[in-house]
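Asker:
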Ligand code: F3S
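In our numbering, the protein residues as written are 1 to 428.
#1: Quick one: what does DSSP say residue 300 is sitting in, helix, strand or coil?
#2: Answer yes or no: do residue 79 and residue 124 have a C-beta to C-beta separation smaller than 8 angstroms?
#3: Suppose you measure from the CA of residue 43 to the CA of residue 250; what does that come to, to the nearest Å?
#4: Taking all protein chains shown into account, do 16 or more other C-beta atoms lie within 10 angstroms of the C-beta of residue 356, making it buried, or fewer, making it exposed?
#5: Can you determine whether any heavy atom of the ligand F3S sits closer than 7 angstroms to the C-beta of residue 378, and answer yes or no?
#6: How far does the alpha helix (DSSP H) with residue 8 in it reach, from first residue to last?
#7: Answer yes or no: do residue 160 and residue 261 have a C-beta to C-beta separation smaller than 8 angstroms?
#8: For residue 119, is the classification buried or exposed, using 16 other Cβ atoms within 10 angstroms of its Cβ as the cut-off for buried?
#9: Which runs of the beta strand (DSSP E) spanning at least 3 residues fall entirely within the segment 102 to 184, listed in chain order?
#10: Is the CB-CB distance between residue 317 and residue 396 below 8 angstroms?
#11: Report the rounded CA-to-CA distance for residue 3 versus residue 216, giving the unit in angstroms.
#12: Could you check what DSSP says for residue 365 in three-state terms: helix, strand or coil?
#13: Please tell me whether, using a cut-off of 7 angstroms, the distance from the CB of residue 396 to the nearest non-hydrogen atom of the ligand F3S is below it.
#14: Report yes if the CB atom of residue 274 is closer than 8 angstroms to the CB atom of residue 231, and no otherwise.
#15: What residues in its chain sit with their C-beta under 8 angstroms from that of residue 26, if we drop five residues either side in the sequence?
#16: How about residue 58: is its Cβ closer than 7 angstroms to a heavy atom in the ligand F3S?
#17: To the nearest whole angstrom, what separates the beta carbons of residue 408 and residue 389, a pair I think is in contact under 8 angstroms?
#18: Is the Cβ-Cβ distance between residue 415 and residue 331 less than 8 angstroms?
#19: Pick helix, strand or coil for residue 320, following the three-state DSSP scheme.
#20: Tell me whether the beta-carbon of residue 104 lies closer than 8 angstroms to the beta-carbon of residue 394.
#21: Are residue 153 and residue 132 closer than 8 angstroms when you measure CB to CB?
#22: Less than 7 angstroms between the CB of residue 249 and some heavy atom of the ligand F3S, yes or no?
#23: Got a sec? Which residues, its chain only, sit under 7 angstroms from residue 240 by beta carbon, not counting five neighbours each side?
#24: Using 8 angstroms as the threshold, is the C-beta distance between residue 65 and residue 374 below it?
See the structure below:
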């Protein structure tokens, strides 16, 4: 790998042992990927805090949080003192919502350890945004900006909708990037890696959040980790896909497959035309998406569900926007969540404070629901006690909860989910 003098100096210890470990990690990682160089980044989103009992015990046995960061973030058996970050760095979602520890099954001891860990991360200069949707709360990279982000739903949004450049990184590589402002220069950092490979023609209008979730799920299942280009997205007033729709689309495509970038012709920034999205090449394969594909996908996502009595409704995967909270609050106004059902809605903390000020939290809580932050059921592996059947408006969460927790999952629109929360039943 070609290293600049600056990078060699960091590797050789000029800036202390933690930076040297970080550079060593990035060089090993980049060489494994056949990257020719590192690229500068000033925008990193990763996981910094220690929230598991295992890490708590490790910290106690090995001498504190620097030991956790050295081992789990820098792959260093030697404990190094962790300096302040150099890159603008954001902490993503946690393993639980610290404001609802009882619901998440979190002990007081774990909560206290988490608070110490969060304070340590903040002292390092990391922004504690605690969400899978950094682009909702002030971290909005510009077109062409090189980033180092974790979290598949955030990565596909950054690449496709914002035109930023990032691969799906991990805890270790993002931590090393925070200390060095570097990440291996390969994949979606390069022009070549961003060009379309597979083409889709739409035969039906894809309009609602549910439509976009279904389409994304179908698409990811087909193209896996390739770059799809979609032609035929209906535009016009109120019809161009907005943030919630593109958020659900990318999250679904990166769950059924590993899509890290898509192009919507005439909508996303690197697809002014079909030809431009493919860089003048021909698609490897072309398919059409119509009513038959939509119906088959809906049946597939709902394949685990047979029991219409719903115990739990979870909304907010990826974390809800303020618009989605507003919509949910309107649907709940004057109603009550059924006695045999629970409703949890997840959003970033910054958006929850807006919802608090707007009165939406009060409306949701008056109906018997909860507005929660920092995590989600899949991430926390936490659902209300006794849950067997869940209803969701997220194809991503419907993909994971049956697999992770063995639940039956109904997938549908937000309206259907709120109806299920208030009646305790899915459908008629
Ligand atoms: Fe976010 Fe959890 Fe979904 S972390 S993308 S809400 S699986």
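Cβ coordinates follow ideal geometry from the N, Cα and C atoms, glycine included.
From a predicted model like this one, the values you see are computed outputs, not experimental measurements.
Answerer: On the basis of the coordinates in this document:
#1: Look at residue 300 here: in three-state DSSP terms it is helix.
#2: No; because the gap between Cβ atoms is not below 8 angstroms, this pair is not in contact.
#3: Distance between residue 43 and residue 250, taken at the CA atoms: about 21 angstroms.
#4: Exposed, since its Cβ has fewer than 16 Cβ neighbours within 10 Å.
#5: Indeed, a heavy atom of the ligand F3S lies less than 7 angstroms from the Cβ.
#6: Counting along the chain, the alpha helix (DSSP H) containing residue 8 begins and ends at 5 to 11.
#7: In contact: residue 160 and residue 261 (Cβ atoms closer than 8 angstroms).
#8: Around the beta-carbon of residue 119, fewer than 16 other beta-carbon atoms lie within 10 Å, marking it exposed.
#9: Every unbroken stretch of the beta strand (DSSP E) spanning 3 or more residues and falling wholly within the segment 102 to 184 is given here in chain order: 182 to 184.
#10: Contact flag set, yes.
#11: Residue 3 and residue 216 have their alpha carbons spaced roughly 39 angstroms apart.
#12: Under the three-state reduction of DSSP output, residue 365 falls in the helix class.
#13: Checking the Cβ of residue 396 against the ligand F3S gives yes.
#14: Taking 8 angstroms as the cut-off, the beta carbon of residue 274 is found closer than this to the beta carbon of residue 231.
#15: Hits under 8 angstroms: 38, 173, 176, 177, 180, 182, 183, 184.
#16: Checking every heavy atom of the ligand F3S against the Cβ of residue 58, none is found closer than 7 angstroms.
#17: That pair is a contact at about 5 angstroms.
#18: Contact: yes.
#19: Three-state DSSP puts residue 320 in coil, outside helix and strand.
#20: Result no, Cβ atoms of residue 104 and residue 394 do not sit closer than 8 angstroms.
#21: Result yes, Cβ atoms of residue 153 and residue 132 sit closer than 8 angstroms.
#22: Checking every heavy atom of the ligand F3S against the Cβ of residue 249, none is found closer than 7 angstroms.
#23: The answer, listed in chain order, is 267.
#24: Result no, Cβ atoms of residue 65 and residue 374 do not sit closer than 8 angstroms.
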